[in-house]
Structures are given as structure tokens and as C-alpha cells.
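To convert, count from 1 in the sequence shown and add 118; that's the numbering used here.
Think of the CB as a built atom: it goes at the ideal place given N, C-alpha and C, for glycine as much as any other residue.
First the structure, in the form of C-alpha cells, and then the observations on it.
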Amino acid sequence: MRAVLRHFRESVPAAGDEEGSILPLVLGYAMLALVLILVTVDATSLYLAQKRLDSVADAAALAGADGFTLTIAGGAPRAELSSGDVYAQASALLAQSDADASLVSASTPDGVSARVTVAGQWHPPVFSLFVPDGVSLQATATSRNALR
119 MRAVLRHFRE
129 SVPAAGDEEG
139 SILPLVLGYA
149 MLALVLILVT
159 VDATSLYLAQ
169 KRLDSVADAA
179 ALAGADGFTL
189 TIAGGAPRAE
199 LSSGDVYAQA
209 SALLAQSDAD
219 ASLVSASTPD
229 GVSARVTVAG
239 QWHPPVFSLF
249 VPDGVSLQAT
259 ATSRNALR
């Protein structure tokens, strides 16, 4: 029995041999947590940039829908849109705003709605080394005039 216990004691390392072995694991998890936080910052920035561009497209479509011409057909007033008027109103709004967006298209598909597409560029705040040219974003919005 003593031989078995002696063999067991010799094969099990002493507690002093384990000192400091948890440090690489802690550093690895800390590095992983830091990378996850930085990726989350970039993902949040991308999401907010897309939402900002969506808001600009909504505002430009709303401005385009306000560029109607009032006509009277059959004794009832009717608001009609033309693609030229929608484009003029949307580009005027983008020129006055401080948004970093460009007008891609502005038209009316049915004479009542204004459809506007804007584009922008997003640059990641943290990992810009990996995406030096940024990412192209686009947003499309449709707005209808209220007069029927």
C-alpha cells in the first residue's frame, strides 16, 4: 500500500508547480473580450450610419412629395407629381442639409408617390485599417402626398 501511495505522490505535481498557469488563460479571455467590444463598437456605428441615411432618404422623399402641382380634374382637385419636381425638391433638401449623402435617384412611379434613393459612405471608427475605403450604404424611401 505504501508503494502505491508513494507512486501516487510522485506522479501528482506539487501545488507550487501550478503557480501562474492561469495568467495566459486570463489574458486570452481579456483579449477576446476587448476584440468583441471593438467589433460591437464598429457594428453599432454601421447601424447608426444606416439609420441616419434612412432618415435623410425619408426627409428627401417627403420634400419630393411636397413638390406637387395642383390640378383640377372633373371638378375635384388633384395633386400630381412629376419626376423633375421630385428630383428638384429632394436635391434642394440635400443641398441645405449637412448630411453626408448624395442623391442617387428621385422619381415618381405613379404620379402620386415620390421615391428617393440616397447613398453614403461609412468608415469604421476602430477597424478602419481593415476597411480603408469604407462601406457604401444606400437607402430608399417613398412618400405619398396627402391630397387625393
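Among the options, the one whose alpha carbon lies nearest that of residue i
i: V236; options: Q207, V230, A178 and V253; result: A178
i: F186; options: M119, R120 and A206; result: A206
i: A224; options: H241, V174 and R120; result: V174
i: D228; options: S254, A151 and S201; result: S201
i: A232; options: A264, R120, V144 and A121; result: A264
Simplified DSSP state of residue i, which is helix, strand or coil
i: A161; result: helix
i: P242; result: coil
i: P195; result: strand
i: A217; result: coil
i: I140; result: coil
i: L265; result: coil
Residue i: first and last residue of the uninterrupted beta strand (DSSP E) it sits in
i: L212; result: Counting along the chain, L212 falls outside any beta strand (DSSP E), though it belongs to the alpha helix (DSSP H) covering S201 to Q214.
i: A259; result: V253 to R262
(message) Under 8 Å: do the stretch 250-266 and the stretch 173-188 share three or more Cβ pairs, one atom per stretch?
(response) For the pair of segments examined, the stretch 250-266 was found to touch the stretch 173-188: the number of CB pairs separated by less than 8 Å reaches three.
(message) For the pair the stretch 189-199 and the stretch 213-220, tell me if three or more CB-CB distances fall below 8 Å.
(response) The stretch 189-199, when compared against the stretch 213-220, does not touch it at the 8 Å Cβ threshold.
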